[in-house]
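Here full-length UniProt numbering is used: the first residue of the sequence shown is 1, the next is one more, and so on.
Cβ coordinates follow ideal geometry from the N, Cα and C atoms, glycine included.
Everything numeric in this text was worked out from a predicted model, so none of it was measured.
Here the structure comes first, spelled out in structure tokens, and everything after it is commentary.
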Amino acid sequence: MLQIKQYIVTKPIESLENASLRPEDYVCFFENNKDRCVEFVKANIGELLNDNLLSFDGGISFKYQYREYLGVEYWDDLPMLWAFIINTLEECLESGEGKCLFPGQPVEIAMKDKGTNIQIQFDHQTVTLDKKLVVKELLSHGKLFYETLVTDLNLSAYKYDLDRVNRLASVL
1 MLQIKQYIVT KPIESLENAS LRPEDYVCFF ENNKDRCVEF VKANIGELLN DNLLSFDGGI
61 SFKYQYREYL GVEYWDDLPM LWAFIINTLE ECLESGEGKC LFPGQPVEIA MKDKGTNIQI
121 QFDHQTVTLD KKLVVKELLS HGKLFYETLV TDLNLSAYKY DLDRVNRLAS VL
């Protein structure tokens, strides 16, 4: 079972151990609490918005068969992280492999096309999964993120990214 969840850091993380043990104390997951996430961004929009682009800490939790490959200890600028992940996925689908680093830290994400599977490396952990499942799940969660920015937060600057996710999804 593949589980992808995206989150916004809503409280400063001073202890990775505490954040890993009780993530709900530090983050808001989009999939469970989209309205709360939107309210957090709206309440802090003055600090988070610059030239119609958002910059806020968040991340993507990635679990497969009860093993966590990315958790709350891996956070960065979430809007940039999504753009990098979508770029990496697109490169992988078009040329067989793609790589990126988290926007603000030396954590690598790499994807390799393995026929009907896709091999993903998160930092130093590697997992091979069904390609259709990974692509479908990543694009579904990316779409939720960009739809939230465009529709709920009225940030038209992210329409291009939403269209790109929709285009990638339509190709599959």
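Where the alpha helix (DSSP H) through residue i begins and ends
i       : result
Tyr-160 : 159-171
Ser-20  : 16-21
Ser-156 : Looking at the DSSP string, Ser-156 is not in any alpha helix (DSSP H), and its letter there is neither H nor E.
Leu-144 : 131-147
Neighbour-count burial assignment, residue i, 16 or more Cβ in a 10 Å radius
i       : result
Ile-109 : buried
Ser-156 : exposed
Gly-142 : buried
Met-111 : buried
Thr-148 : buried
Pro-23  : buried
Own chain partners of residue i with C-beta closer than 7 angstroms, once the 5 adjacent residues on each side are dropped
i       : result
Phe-84  : Cys-100, Pro-103
Phe-122 : Phe-62, Tyr-69, Leu-70, Ile-109
Leu-16  : Glu-73
Among the options, the one whose alpha carbon lies nearest that of residue i
i       : options                         : result
Leu-70  : Val-165, Ile-4, Asp-130, Glu-39 : Ile-4
Asp-25  : Tyr-74, Gln-65, Ile-13          : Ile-13
Lys-131 : Gln-105, Ala-169, Leu-54        : Ala-169
Cys-37  : Gln-6, Tyr-64, Arg-22, Leu-21   : Gln-6
Arg-67  : Gly-58, Phe-145, Thr-128        : Thr-128
Extent of the continuous beta strand (DSSP E) run through residue i
i       : result
Phe-117 : Reading off the sequence shown, one finds Asn at residue 117, where the question assumed Phe. Segment 117-122, the beta strand (DSSP E) holding Asn-117.
One or two residues paired with residue i in a DSSP bridge
i       : result
Asp-76  : Gly-58
Ile-109 : Cys-100, Phe-122
Val-9   : Val-27
Tyr-64  : Leu-2, Arg-67
Other residues of its chain near residue i: CB distance less than 6 angstroms, five sequence neighbours each side excluded
i       : result
Leu-54  : Leu-48, Pro-79
Gln-125 : Tyr-69
Contacting residues, own chain, Cβ-Cβ under 8 angstroms from residue i (five flanking each side not counted)
i      : result
Phe-40 : Ile-8, Thr-10, Cys-28
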